[in-house]
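Let me begin by presenting the structure, written as structure tokens, before commenting on it.
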Amino acid sequence: MIELLNGVQKYMVKTLVILILLFDGTLLQERYDLNRPMDVYECLLFADDHREAIATYKEYPEDPMKQGWYLNDGRGTWQGVICE
1 MIELLNGVQK
11 YMVKTLVILI
21 LLFDGTLLQE
31 RYDLNRPMDV
41 YECLLFADDH
51 REAIATYKEY
61 PEDPMKQGWY
71 LNDGRGTWQG
81 VICE
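Numbering (my numbering) for the sequence shown: 1 to 84.
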């Protein structure tokens, strides 16, 4: 959906899709319906806050390939988001 705000087109989204890589190699797409339509920027800000709430960033100086956002529930790692 496209909305005009002060003459500027804003793409409105209704769903947040979180990409999670499980430790067994499975890639999950967890879908969350947003409470209200929001523009993509708002969705990405919401996703950033949500990531901070459900995951912890870990650094491994001895093996940088292991660095990333690890889910607090121990299932795997946060790989990214899609706002639809």
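Backbone N, C-alpha and C fix where the C-beta goes; we use that ideal spot for every residue, glycine too.
In the structure shown, Arg-75 adopts coil according to DSSP, grouped into three states. Here Trp-78 is not near Leu-27, since their CB atoms are 9 Å or more apart.
For Asp-63, the three-state secondary structure derived from DSSP is coil.
Gly-25 is classed as exposed because its beta carbon has fewer than 16 other beta carbons within 10 Å across all chains shown. In terms of Cα proximity to Leu-16, the closest of Lys-58, Met-65, Cys-43 is Cys-43.
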